Every structure is written in structure tokens, then in C-alpha cells.
């Protein structure tokens, strides 16, 4: 290392050193061999023979480890070491400071520390005689440590340790950014696997028979899907719970040019209001209580693909403005962050609520609605497309029969008719679950629907409510009919009270209470 002529020159050199160090490593921040590159860059500044990075759990046991040794040509090679390998015994005193810190162990101290313990056989075999140890994030539960070892007993001079100490924040930042990127990649891979599994489950081949559409209503829905899928237009799916909005969203994604990108599904109704912003846009470390690490939001994960926002009507009003910004500018900011992140995503939203009514009630922004409503698709309830029911039944019988090892099941005509006549308040989802349950209960070849009760559905109750008169309405009509028959006379032998079998005073009271007198005044002026 260079000995600096004066303090000002030293500060300038250190500052430039930090800039150059970060610049070189930022070029490979997303590279899987980031630690190999880190060892090379550090070796340009400090001479050492072994590089060891480890992450420890709360018990200070190694859970992630990467070790590189220096070869004769000054290059570095990764080496596989047993799980028990440690370059030196980690002690809690190394993490006592609340910020990144460095410890240098002389040859005498280091050799005394590792002694003859079998755990350190490998490090002795490598002839390591001195070590410098860096605690990068001592305040975290998962602690990152970086150790450099040398075969020289007098390695790591005061100038070299000072350089390493100056670089500690940069080393920490680079490693944390690498793990954030790796976490994002892992989440993307997980989403990709979920997408493949989902498509396999539904045997999704858009344009073929797997999306059931026997009715004209559903054929019209699929026609609209084919129209909008190749574009990047925002789509709003409307319809009752269980009609298949999620499946239509998958159809749009899989039929678009984004089908090789991620499809990220978010149920806004299932997220606690205090977490939905973090879930969608992510957060920086320590941006709020409990934010122990950076979190990548759903919009970042969906970059290059599609995000499906189900139950958009349940999104908190104050968060709707941020979503509007994403729709308008394709920009987001993590909670606690200052950097604007551009995202390339297509938004497909869905709601089982009537959003126009939500706007009138002051629960939904009209400007957001008009942005989302660029291309609306209404998916009708199952009771309005009865022609689809037999095809869906056969589809689910074949699917669950295959899954449960019962491939040759049939449904009786009587049960088919029973299912056709049912009103399906839970729509396709309810039908799916009933078929699944029947397949499980069936022991022979004919499906067993003995557990299916055809009690009045919610829809039937609602239909009856609309057609059946209330007790008050019946009572008014009955009294009016009695008054008409008696020409409006209430008391006496030929009065309405006698006809109805009640006291005249009781009838008078009911007439006033039910507002019948006004009707009588109009129909029979002057009657008493």
C-alpha cells in the first residue's frame, strides 16, 4: 500500500478509492460470481491468501458461506469446504458495535485462538497465520461477516486495515444489493413456477376447448379477450364472485406478447390495509417499524409482464392515487425510498362491486375508474349462461377424476338436471367445489351427489323477496278490499271492521298507521 504524504492527499485518495471500488463492483452487481469479483477487487488493495464470506444465524452458526483461495498467478478459485469450516471462532463481542466494524488478529493471537481444535483443521492446513475480520451488519439478526486470511504473520498493516475500514459501508451496500437482486430473481422464479403449475392445472390452451364457452354470453367474453390480449391496454373485469375473473386474466396474459414475463396475482381484499402499500410497491429497510429488510413489491416483480389486481374495489381510498400514478406514468416508489423506479407492467383489474356505485358513495376515485375502465369486460353469472353448465360439469369430472384416480366417472340424467336447475350463487367456483366433493365421495362409476342440498339459494331468496309482498303490503290490500266492499264504512253491522272481525277502533288505528286514510280520501272523498 502507498504511504500518503499528508492528510489531505490521504483523504482524496481514500475518497477516489471508494468511488473506483464501488464503480467496478456495480458493473457485476447482478452477477452470480459477485463474491469472486469482490475478492479480486479487494486483493488489488490488500494482499491476502483466502477470502471467506459467511452469513450467521442468531446462534452464530454459518448458514451461507463462500470461500476463495489465491492461486500462484494471483487469481482466485472457489473451494468447497465442509459445513464445519470456520476461518475463526465467531464471538458475540465482534458484533457489539451498532455499525460495521473491523477486527485484526495478529499471528500470535490468531494461532492461539484456533489452537488444536479439529474445527479449524482446514485453516491450519492452508497455513493461514493472520486474519482480519469484518462485521458488516452487527445490528441484524442474520449477521454478515467477511474474513481475509494471510499466510504472512505480519499481514494487514495499519494502512491496509484503514483502507478496509473505509470500504466497510460500500462492501455492505454491494452485498445487500446483490441479495436483494437475488431475492427478486428467486421470487420471479417462484412466480414462474406458480404460473406454469396454474396453466398445467387448467390445461390452458387459449382458443381451444379448455375455456368453456357454449353460451353466447361467454363466446362474447372470449371474443373481447382475443381483441384486447395483443394490446397493452388496461383491462377491467367485472362480475360476481366466482365467475372466473382470474381465469380470464390468465387468458389475457397468456395470449399477449408478455406471456414469457411474470404474471403476478394480488387479491386486494385479502391484504390488511396497513400492509397493502408495502405489498404492492415494496419498502426500504427500516422505513417503518418491523421493516427489518428491503422488500421488493409486486409491481417490481411484475416488470415485463402482467399484474392482476383482484377485488380492486377494496383498495384503500388513499392508496388509489398511487395506483393512478402507476397507470399514468408507470413509476413507483418504495415506502421510505427516494428513488423513482420505472416499471413496464400491464394492469388487469377485477371487481365484484359496482364501481360506479362505489364512486357515488365516495369510496372509489372516479379518475382511477376511468383509467381502469379503458377496456371493460363483463363476465355474466353462471345462472345466466345455463348452456355452459353441462360442459363445465364434464370438464371438472374429467379433471378431478384424473387427479383422484377415478378416470371413468359418469353423472346421471337426474343429477345433471338438478345441477342445471340450481341457481349457483357461488358461480363456477361453487360448481367446481361441488363436483370435487362428489368425486371424492363416489365409490362406484356414477357420481354421488347425495351430499348436495337443493335448498333455496341466496339468489332464489332474493328473487322471492322481489316478487313476494311484505306483511304490511298484504295488510293494506286486505283492509282496502274490505273498505271497498263496504263503500268505505268502518263501523256498524255493515262496516269493514265487522267484515274483518276486529274492533272498529283497532281498524281506525290501523288505517291511520298504514296511511290508508289518504288513499280513502282520494278514492272516496268524505268517507269516515
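Residue numbers (the working numbering): 767 to 1294.
A virtual CB, placed ideally from N, CA and C, is assigned to each residue, including glycine.
All values reported here derive from a predicted model rather than from experimental measurement.
Within 8 Å, strictly: CB atoms of residue i and residue j
i            : j            : result
residue 1175 : residue 1205 : yes
residue 1158 : residue 978  : yes
residue 801  : residue 832  : yes
residue 1138 : residue 1073 : no
residue 830  : residue 821  : yes
residue 1047 : residue 1063 : yes
residue 895  : residue 919  : yes
residue 1032 : residue 1014 : no
residue 1179 : residue 980  : no
Separation of residue j from residue i, as counted between CA atoms
i            : j            : result
residue 1237 : residue 1277 : 15 Å
residue 823  : residue 1092 : 38 Å
residue 1210 : residue 1177 : 11 Å
residue 1170 : residue 1190 : 25 Å
residue 1042 : residue 1034 : 7 Å
residue 1086 : residue 991  : 26 Å
residue 1128 : residue 1202 : 41 Å
residue 1005 : residue 1088 : 25 Å
residue 945  : residue 910  : 12 Å
residue 1186 : residue 1106 : 53 Å
residue 906  : residue 938  : 12 Å
residue 723  : residue 1094 : Not covered by the structure: residue 723. The range shown for the chain is 767 to 1294.
residue 1134 : residue 1080 : 13 Å
residue 1239 : residue 1247 : 12 Å
residue 1018 : residue 1188 : 30 Å
residue 1010 : residue 1196 : 11 Å
residue 1156 : residue 1254 : 58 Å
residue 1090 : residue 1132 : 11 Å
Pick from the options that is closest to residue i, judged by C-alpha positions
i            : options                   : result
residue 1054 : 1102, 1069, 1000 and 1021 : 1102
residue 1141 : 994, 1124 and 1215        : 994
residue 915  : 818, 935, 908 and 1072    : 818
residue 923  : 935, 945, 1123 and 898    : 898
residue 1256 : 1243, 1242 and 1271       : 1271
residue 836  : 826, 1022 and 809         : 809
residue 984  : 1144, 935 and 1196        : 1144
residue 867  : 1136, 841, 825 and 934    : 934
residue 912  : 891, 941, 895 and 890     : 941
residue 1075 : 1117, 920 and 879         : 1117
residue 838  : 826, 828 and 814          : 814
residue 893  : 1155, 1090, 917 and 870   : 917
residue 996  : 1024, 1030 and 1040       : 1024
residue 843  : 828, 805 and 869          : 805
residue 982  : 1147, 1036, 1130 and 1167 : 1147
Own chain partners of residue i with C-beta closer than 6 Å, once the 5 adjacent residues on each side are dropped
i            : result
residue 741  : Nothing in the structure corresponds to residue 741, since the chain is present only between 767 and 1294.
residue 1249 : 1262
residue 963  : Because residue 963 carries a pLDDT of 48, less than 50, the predicted location of this residue cannot be relied on, and the following value inherits that uncertainty. So no residue of the chain qualifies.
residue 998  : 1112
residue 1002 : 1115, 1138, 1139 and 1142
residue 1162 : 1198 and 1201
residue 1027 : 1070 and 1071
residue 1181 : 1215
Sequence-distant residues of the same chain with beta carbon closer than 8 Å to residue i, five excluded per side
i            : result
residue 1245 : 1262, 1266, 1273, 1276, 1277, 1280 and 1282
residue 1252 : 1260, 1261, 1262 and 1265
residue 1109 : 1065, 1066, 1068, 1069, 1092, 1096, 1097 and 1098
Beta-carbon contacts of residue i that lie in its chain and below 7 Å, excluding the five residues immediately before and after
i            : result
residue 1059 : 1051
residue 1061 : 1044, 1048 and 1049
residue 1124 : 1079 and 1130
Per-residue DSSP class, three states only, for residue i
i            : result
residue 1276 : helix
residue 891  : helix
residue 1079 : helix
residue 1156 : helix
residue 927  : helix
residue 831  : strand
residue 1033 : strand
residue 1110 : coil
residue 850  : With a pLDDT of 46 at residue 850, under the threshold of 50, the modelled position of this residue cannot be trusted; read the value that follows with caution. Here residue 850 sits in coil by DSSP.
residue 939  : helix
residue 1166 : helix
residue 1270 : helix
residue 805  : helix
residue 1018 : helix
residue 965  : A caution first: residue 965 carries a pLDDT of 47, below 50, which makes its placement in the model unreliable, though a value can still be read off. If DSSP states are grouped into helix, strand and coil, residue 965 belongs with the helices.
residue 1193 : helix
residue 1263 : helix
residue 1004 : strand
residue 1187 : helix
residue 981  : coil
residue 1175 : coil
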